[in-house]
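One structure below.
Numbering (the numbering used here), first residue to last: -6 to 266.
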């Protein structure tokens, strides 16, 4: 028997249906008198659904799968509907969600950290600029006509000997970022990071609002399922009342015929006197 108070089910005995034969519909027999298991969702979404069988020691009712709960129910109230409101099941679900939230990093924080790492790598190691190669001058390529051991007496040759040519490829790179530009770039990156943080906070706020709305939708769906189950039970009772009214009409019709016969008999007795 169910441990929760309330309206009794349509049929109290699982093995012997207490309804009349005209009320033993297919829906009633399948709902109350078939020992088929019910598959309920697992508190841990990563695990398969739980198969709950009727308990012969408790009147063939469906027990709550949680070991700390002693509630039993028949399909009149739907065992899954009880699981959505069971405090022990809800406690385990919240604990599993909290553990998953702690162990798994938030996607927004991971994206933000990877973006900052890429920006820091670009600042530390700027892209390499290709330096233009200078071709050797005609004077460098022209061979000397004098012997190496003979000193030159011309002023131009003396100046050339005193001032060697600068090595090729040593032109200053004008594309390298200066310290001020790097500082400005770092300031801009910090400003962008602050903007991303504010956007993340707003996104978290919207996510929390959507989660609350989802919980409200789940509660509304539970209420709708409860009303639908009550309507199904009400329809069954209405059908039973309709059948009883038909039987009452038949009985009243028989009583009316008996009354007419009784009146005719009394009338004949009076006329016989």
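All residues carry an ideal CB built from backbone N, CA and C; glycine is no exception.
Which listed residue (85, 75, 64, 93) has its alpha carbon closest to that of residue 48: 64
Under the three-state DSSP convention, the category residue 66 falls into: strand
Residue nearest to residue 21 in terms of C-alpha spacing, selected from 212, 229, 240, 239: Taking residue 21 as reference, the option from 212, 229, 240, 239 with the minimal CA-CA separation is 229.
Per DSSP, cross-strand counterpart(s) of residue 288: Absent from the structure is residue 288, since the part of the chain shown begins at -6 and ends at 266.
Among 85, 84, 58, 81, nearest to residue 72 - alpha-carbon criterion: 58
Terminal residues of the alpha helix (DSSP H) in which residue 233 lies: 172 to 265
Residue 50 and residue 43 closer than 8 Å at C-beta: no
Proximal residues to residue 15 (C-beta, below 7 Å), its chain only, five neighbours per side dropped: 236
DSSP state of residue 38 mapped onto helix, strand, coil: coil
The alpha helix (DSSP H) enclosing residue 73, as first and last residue numbers: 72 to 78
Whole-angstrom distance between residue 213 and residue 200, CA atom to CA atom: 20 Å
Distance between beta carbons of residue 218 and residue 74, contact taken as under 8 Å: 6 Å
Cut-off 7 Å between Cβ atoms - residues of its own chain near residue 233, not counting five sequence neighbours on either side: 16
Sequence-distant residues of the same chain with beta carbon closer than 7 Å to residue 85, five excluded per side: 36
Beta bridge counterpart(s) of residue 48 as assigned by DSSP: Bridge partners of residue 48 according to DSSP: 54.
Spatial distance of residue 62 from residue 79 (CA atoms): 8 Å
Neighbour-count burial assignment, residue 33, 16 or more Cβ in a 10 Å radius: buried
Beta-carbon gap between residue 25 and residue 7 smaller than 8 Å: Yes, these two residues count as a Cβ contact at 8 Å.
Residue 54 burial status per 10 Å Cβ neighbour count (16 or more: buried): buried
Neighbourhood of residue 94 by C-beta distance below 8 Å, restricted to the same chain and skipping five residues each side: none
Local Cβ density within 10 Å of residue 68, reported as buried at 16 or more and exposed below that: Burial state of residue 68 is buried, judged by a 10 Å Cβ sphere holding 16 or more other Cβ atoms.
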